[in-house]
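Number of protein chains: 2
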Amino acid sequence: MTTPHLKNSTTDAIAKVRELLGDRLSTAPAVREQHGKDQTWNEGAPPDAVAFVKNTGEVSAIVAICASHQVPVIPFGTGTSLEGHFSAPYGGISIDLSGMNHILEVNSEDLDCRVEAGVTRKTLNAALRDQGLFFPIDPGADASLGGMTATRASGTNAVRYGTMKDNVLGLTVVMPNGEVIRTGTRARKSSAGYDLTRLMVGSEGTLGVITEVQLKLHGIPESIAAGVCAFPSVEACCRTTIETIQMGIPVARIELVDAEHIKAINAYSKLSLPVQPTLFVEFHGTPDWTREQSERFGEIAASHGGGSFDWATKEEDRLKLWQARHDAFWATKNLLPGKSETLATDVCVPISRLAECVEQTRLDLEANKIYGPMIGHVGDGNFHVVLFCDTNDAGELKRVKEAYDRLINRALAMGGTCTGEHGIGSGKRAYLAREHGPALAYMQAIKRAFDPLNIMNPGKNAAI
Amino acid sequence: MTTPHLKNSTTDAIAKVRELLGDRLSTAPAVREQHGKDQTWNEGAPPDAVAFVKNTGEVSAIVAICASHQVPVIPFGTGTSLEGHFSAPYGGISIDLSGMNHILEVNSEDLDCRVEAGVTRKTLNAALRDQGLFFPIDPGADASLGGMTATRASGTNAVRYGTMKDNVLGLTVVMPNGEVIRTGTRARKSSAGYDLTRLMVGSEGTLGVITEVQLKLHGIPESIAAGVCAFPSVEACCRTTIETIQMGIPVARIELVDAEHIKAINAYSKLSLPVQPTLFVEFHGTPDWTREQSERFGEIAASHGGGSFDWATKEEDRLKLWQARHDAFWATKNLLPGKSETLATDVCVPISRLAECVEQTRLDLEANKIYGPMIGHVGDGNFHVVLFCDTNDAGELKRVKEAYDRLINRALAMGGTCTGEHGIGSGKRAYLAREHGPALAYMQAIKRAFDPLNIMNPGKNAAI
Chain A
25 MTTPHLKNST TDAIAKVREL LGDRLSTAPA VREQHGKDQT WNEGAPPDAV AFVKNTGEVS
85 AIVAICASHQ VPVIPFGTGT SLEGHFSAPY GGISIDLSGM NHILEVNSED LDCRVEAGVT
145 RKTLNAALRD QGLFFPIDPG ADASLGGMTA TRASGTNAVR YGTMKDNVLG LTVVMPNGEV
205 IRTGTRARKS SAGYDLTRLM VGSEGTLGVI TEVQLKLHGI PESIAAGVCA FPSVEACCRT
265 TIETIQMGIP VARIELVDAE HIKAINAYSK LSLPVQPTLF VEFHGTPDWT REQSERFGEI
325 AASHGGGSFD WATKEEDRLK LWQARHDAFW ATKNLLPGKS ETLATDVCVP ISRLAECVEQ
385 TRLDLEANKI YGPMIGHVGD GNFHVVLFCD TNDAGELKRV KEAYDRLINR ALAMGGTCTG
445 EHGIGSGKRA YLAREHGPAL AYMQAIKRAF DPLNIMNPGK NAAI
Chain B
25 MTTPHLKNST TDAIAKVREL LGDRLSTAPA VREQHGKDQT WNEGAPPDAV AFVKNTGEVS
85 AIVAICASHQ VPVIPFGTGT SLEGHFSAPY GGISIDLSGM NHILEVNSED LDCRVEAGVT
145 RKTLNAALRD QGLFFPIDPG ADASLGGMTA TRASGTNAVR YGTMKDNVLG LTVVMPNGEV
205 IRTGTRARKS SAGYDLTRLM VGSEGTLGVI TEVQLKLHGI PESIAAGVCA FPSVEACCRT
265 TIETIQMGIP VARIELVDAE HIKAINAYSK LSLPVQPTLF VEFHGTPDWT REQSERFGEI
325 AASHGGGSFD WATKEEDRLK LWQARHDAFW ATKNLLPGKS ETLATDVCVP ISRLAECVEQ
385 TRLDLEANKI YGPMIGHVGD GNFHVVLFCD TNDAGELKRV KEAYDRLINR ALAMGGTCTG
445 EHGIGSGKRA YLAREHGPAL AYMQAIKRAF DPLNIMNPGK NAAI
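Just so you know, the sequences run in chain order A and B. Residues 25 to 488 (this note's numbering) make up the first sequence, in order. Residues 25 to 488 (this note's numbering) make up the second sequence, in order.
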């Protein structure tokens, strides 16, 4: 596969894109830096230029220019992804889609909408609220919906509402030769042809630039009940979760917060939660039904040694609760100002193996003197480890990297995946082959078929 | 793209497969006929031989032989698909997977299982019952789970539980060169690489032979409530459905049966349902929760002129109800013994357009003197039309074919799809380009990349 590195032609391509965009094409070092390095320890590399686009037509024209000059194209949403997705190791032009921020249509009867790729999830939800609708997928950041599609994002609501894979109905995509295609229809289901929509979801900009997204929406639940329950062990949290799901209780969120995180949250948010593994849960439905779900959950929790399960239906109380959960990352960061870097990683395993995976990881980190609190979207078997590291300490860096590698191998050995929701980017490419074996060659075959010049986000995911 | 038609090498390939399978390779005309023609008016063509396989290794060996001889491979499950999926217009070897009928594992804690592709949905459900689990996808026929995966099947439960797309976690696939790959993991979600699982779901045997399927399972609901409600119009049925879904009532099944079908059902099943458009509904949950869902639905139905909504929670009553619904096809067929053929087709539109689409279709059929009762998985916007036709009457055949074409164009014009669940096969190939436009070329690019010799089920879906 071609590796694009024709620096001379980059200058020509930039000149042509400037003709098209004028001031909206920037080569300022600060802009390029910001578009080439994420918040993690993954290595960054600035693109040669950043194009601030306004519509699909411009993206198409830019990609066509880049194709004719064999110059890399790197799509950019809000820059909140975590695996070096938008760095430019081979240079090229970053296409910043944040200016494509229009909600194109909302169809309340069909519970769907169409948005430009740069619309963020919070912007969409603010616009939907008056119609009693919401879009449930909630990665931590206020990411763009195009970026969330490209990285197959999920979050705390995925146990009930699924991930981006389940909530994207169709896409507008600029393909690597500049051609614009629409995938999917507005029908809820289809058996017509290969599922190009799902192929694009999670392709991380390596197969095309997503410019519009058709999404499923959901009605805002009439009643929401949320609560917190402390347990004697991670095992007890996991068993409670398994039984809750087996019983068919449609829990909307069920989050494991480990004792380390609780300690940090208490300090940061001035709370006095018991310093124990804790489940944060939420139920959606009618008032009677959320009450029944909460009560049934409370019984299951009690049978596994869970403390009293207090549940709140008032919005104010719920928000306070979830704020504490969302602050967990900053709370831990606050505890350790000396650590220069954090590596927030995630794996996902069958739920029956989750307690074992979390516990083995905890013991591994403890044995290697690594501070790595854990938070889990436990209903999906997905958990995050925030590895703190002083990267100036070569010994510590080595220990952290080795523990990270063992974590992923542990998840794979348990029938899991190297990433539940953060994606591959440049950071986890080494694990793709380990996870997929001979199937990886077929991903690469698709890449070659769609993008023979390898200009679309080279060096990421299955792209060489 | 190559069209395989090297008849001489077929003889060689058959000889080699016979060395491998002995008696389990058949060239008997009756066996070949049965493996080349479905129950519809789609043209059939027998394969040159039928291989009754026992395991993935045999499939791999056969596909490798076929690849080296450029001989077509046509996967075969139960032969219940409806769009000429398994005919052999270019000859070749049909791989009958019905002997791969083992349930390999059931993981009740993870709510998943792994089955060989020949296991049928009813066999799986019979085996799961004792564990309190079930697999919800229910196309009319007792199809094989491999076939259901390959055609992206759904059915009456899809409004609540999704389609095969949503319920397949991973696959074992023999690729067109004979290589065996595994897609997906046992994790509930993943962001690792391109979604080959979803690419294979719905590929109709054109990208590889599915030999094992990892499926999501669900707990059998504690309580099931079902009922029937007659309405003054199809419009009222659709409005009731839209509001039910907007209200967040997680209806498990909501089926529209038109007045024509009710007439036939009454005669066939000796019932006396009002001859009006009718909704058959079902709710799953706890006893309190199904009661609440039923009551809320009853209120919505009443506001749209729905008759009294009687609901049954006793299994016997429910089964009787659904038996009548499932008998609808035979009931109508019984009414018109003179018609030599029926064309059961389906389209799917945004739910807001469903009433209009059904009504326009009814008027069109009426104007053209075509008997075509309709049944809809109305929660998904998906409906079936059973077109009756005396194919010996050239004028009638022409009228039916033209009405069929208008039906599909109507669905596409409304933002829908040419098939919600039956698939493309050979029967709907003409509509793929109409639905997907320039996106079709990317499906064909995948086909060429995976199967450059075009041996996998040629003439179906996106395969030339």
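Every residue gets a Cβ at the ideal spot worked out from N, C-alpha and C, and that includes glycine.
Residue i in three-state terms, based on DSSP
{"i": "valine 41/A", "result": "helix"}
{"i": "arginine 138/B", "result": "strand"}
{"i": "proline 53/B", "result": "helix"}
{"i": "glycine 309/B", "result": "strand"}
{"i": "glutamate 323/B", "result": "helix"}
{"i": "threonine 27/A", "result": "Reliability fails at threonine 27/A, whose pLDDT of 45 lies under 50, so the model's placement of it is uncertain and no value is given."}
{"i": "histidine 446/A", "result": "coil"}
{"i": "phenylalanine 110/A", "result": "coil"}
{"i": "glutamate 484/A", "result": "Note that residue 484/A is lysine in the sequence shown here, rather than glutamate. If DSSP states are grouped into helix, strand and coil, lysine 484/A belongs with coil."}
{"i": "proline 71/B", "result": "coil"}
{"i": "histidine 350/B", "result": "helix"}
{"i": "leucine 223/B", "result": "helix"}
{"i": "valine 565/B", "result": "Outside the displayed span of chain B (25 to 488) sits residue 565/B, for which this structure offers no information."}
{"i": "arginine 217/B", "result": "In the sequence as presented, arginine is not what sits at residue 217/B; that position holds glycine. In the structure shown, glycine 217/B sits in coil (DSSP, three-state: anything other than H, G, I, E or B)."}
{"i": "aspartate 334/B", "result": "strand"}
{"i": "threonine 441/A", "result": "strand"}
{"i": "serine 105/A", "result": "coil"}
{"i": "leucine 456/A", "result": "helix"}
{"i": "alanine 571/A", "result": "As shown, chain A starts at 25 and ends at 488. That puts residue 571/A outside it, with no answer to give."}
{"i": "leucine 367/A", "result": "strand"}
{"i": "glycine 461/A", "result": "helix"}
{"i": "serine 33/A", "result": "helix"}
Proximity of residue i and residue j at Cβ, strictly below 8 angstroms
{"i": "valine 197/B", "j": "isoleucine 278/B", "result": "no"}
{"i": "glutamate 67/A", "j": "glycine 447/A", "result": "no"}
{"i": "glutamate 233/B", "j": "valine 87/B", "result": "Here residue 233/B is valine; the residue named in the question, glutamate, does not match the sequence. It is a contact, given that the beta carbons lie within the stated cut-off."}
{"i": "alanine 283/B", "j": "glutamine 270/B", "result": "no"}
{"i": "alanine 473/B", "j": "alanine 469/A", "result": "yes"}
{"i": "valine 371/A", "j": "leucine 297/A", "result": "no"}
{"i": "alanine 141/B", "j": "methionine 124/B", "result": "yes"}
{"i": "glycine 439/B", "j": "proline 374/B", "result": "yes"}
{"i": "glycine 101/B", "j": "leucine 128/B", "result": "no"}
{"i": "threonine 104/B", "j": "alanine 165/B", "result": "yes"}
{"i": "valine 258/B", "j": "leucine 280/B", "result": "yes"}
{"i": "glycine 330/B", "j": "phenylalanine 255/B", "result": "yes"}
{"i": "isoleucine 161/A", "j": "alanine 174/A", "result": "no"}
The alpha helix (DSSP H) enclosing residue i, as first and last residue numbers
{"i": "isoleucine 432/A", "result": "418 to 437"}
{"i": "isoleucine 8/A", "result": "Outside the displayed span of chain A (25 to 488) sits residue 8/A, for which this structure offers no information."}
{"i": "valine 382/A", "result": "378 to 391"}
{"i": "isoleucine 470/B", "result": "464 to 474"}
Limits of the unbroken beta strand (DSSP E) element including residue i
{"i": "histidine 401/B", "result": "398 to 401"}
{"i": "arginine 206/B", "result": "204 to 207"}
{"i": "glycine 194/B", "result": "192 to 198"}
{"i": "tryptophan 65/A", "result": "Taken as a continuous stretch (DSSP letters only), tryptophan 65/A belongs to no beta strand (DSSP E), as it is neither H nor E."}
{"i": "aspartate 47/A", "result": "Per DSSP, aspartate 47/A belongs to no beta strand (DSSP E) and is neither H nor E."}
{"i": "glutamine 238/A", "result": "233 to 240"}
{"i": "valine 409/A", "result": "406 to 413"}
{"i": "valine 77/A", "result": "Unbroken run through valine 77/A: none, as it is neither H nor E."}
{"i": "isoleucine 98/B", "result": "97 to 100"}
Any contact of the region 199 to 216 of chain A with the region 457 to 464 of chain A, i.e. 3+ C-beta pairs under 8 angstroms? Between the region 199 to 216 of chain A and the region 457 to 464 of chain A there are fewer than three C-beta pairs closer than 8 angstroms, too few to call the two in contact.
At least three beta-carbon pairs within less than 8 angstroms, the region 146 to 159 of chain B to the region 84 to 93 of chain B: When Cβ pairs closer than 8 angstroms are counted between the two stretches, the region 146 to 159 of chain B is seen not to touch the region 84 to 93 of chain B, the count staying below three.
As an exercise, report each continuous beta strand (DSSP E) stretch of at least 3 residues that is fully enclosed by the region 249 to 322 of chain B, in chain order. As far as the region 249 to 322 of chain B is concerned, its whole beta strand (DSSP E) runs of at least 3 residues are 277 to 281 and 302 to 309.
At 3 residues or longer, what runs of the beta strand (DSSP E) sit wholly inside the region 119 to 185 of chain A? Qualifying beta strand (DSSP E) stretches, in chain order: 127 to 131 and 136 to 140.
Count the CB pairs spanning the region 241 to 248 of chain A and the region 117 to 137 of chain B that are closer than 8 angstroms, and state whether there are at least three. By the Cβ test, the region 241 to 248 of chain A is not in contact with the region 117 to 137 of chain B, since fewer than three Cβ pairs between them sit closer than 8 angstroms.
At least 3 beta-carbon pairs within less than 8 angstroms: the region 412 to 432 of chain B vs the region 374 to 389 of chain B: By the criterion of at least three beta-carbon pairs nearer than 8 angstroms, the region 412 to 432 of chain B is in contact with the region 374 to 389 of chain B.
Would you check if the region 33 to 44 of chain A and the region 339 to 349 of chain A touch, i.e. whether three or more CB-CB distances between them fall below 8 angstroms? Two segments are said to touch when three or more pairs of C-beta atoms, one from each, lie closer than 8 angstroms; by this definition the region 339 to 349 of chain A does not touch the region 33 to 44 of chain A.
With a cut-off of 8 angstroms, do at least 3 Cβ pairs link the region 172 to 189 of chain A to the region 200 to 209 of chain A? No contact exists between the region 172 to 189 of chain A and the region 200 to 209 of chain A.
Can you find at least 3 beta carbon pairs, one from the region 305 to 321 of chain B and one from the region 302 to 322 of chain A, that sit closer than 8 angstroms? By the C-beta criterion, the region 305 to 321 of chain B is judged to be in contact with the region 302 to 322 of chain A, since at least 3 inter-stretch pairs fall below 8 angstroms.
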